[in-house]
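Chemist:
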Amino acid sequence: MKRHLLLITLFLSAAVVAEAQYTKYFLDKTMRVDLYHTGTKGQETISLDRAYEEGTWSGTRSQLLDPLNLGEYLVRVYDLASSQAIYSRGYSTYFNEWQTTDEAIAG
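All letters in the sequence shown, in the order written, are residues 14 to 120 by the working numbering.
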């Protein structure tokens with residue numbers, strides 16, 4: 014019983030620390046970033062269309078750094094004062110799939 018209580022206490026403590034990290038660096042808001050992702054089979058260009066606030070944050074507040082980094086691309090946000098990574102997420106886009114089409118291969 015003591016072992017289970019210890020595990021529960023450690024889990025809850027970790028959740029509180031993670032939430033504190035979130036509130037230290039972030040607001041309860043979502044920043045949407047719209048990009049244009051264009052190119053051909055062997056070349057790609059990513060350009061910013063716009064960035065804007067869109068509602069409250071609905072993502073995780075405890076796993077701010079992605080441990081898996083899955084996907085073709087990785088977004089990282091750094092704290093300017095310490096140069097420490099404070100957020101990361103791996104992702105893929107439909108562009109990667111499109112690069113395998115005849116149209117993309119033809120250029």
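Even for Gly, the Cβ is constructed at its ideal location relative to N, Cα and C.
(1) In the structure shown, what three-state DSSP assignment does Asp47 receive?
(2) Could I get the ranges of all uninterrupted alpha helix (DSSP H) runs contained in the stretch 85 to 119, with 4 residues as the minimum, in chain order?
(3) Considering Cα atoms alone, identify which of Phe108, Ala117, Thr113, Thr114 is closest to Ile59.
(4) If you drop the 5 nearest sequence neighbours on each side, which residues of the same chain put their C-beta closer than 6 Å to that of Leu87?
(5) If you draw a straight line from the C-alpha of Tyr49 to the C-alpha of Glu57, how long is it?
(6) Apart from the five residues just before and just after Thr69, which ones in its own chain have a Cβ nearer than 6 Å to its Cβ?
(7) Thinking Arg89 and Tyr65 are a contact (beta carbons under 8 Å), I'd like their distance in whole angstroms, please.
Modeler: With the given structure in hand:
(1) strand
(2) 107 to 111, 115 to 119
(3) Phe108
(4) Gly103
(5) 10 Å
(6) Asp41
(7) Incorrect: roughly 21 Å between the Cβ atoms, too far for contact.
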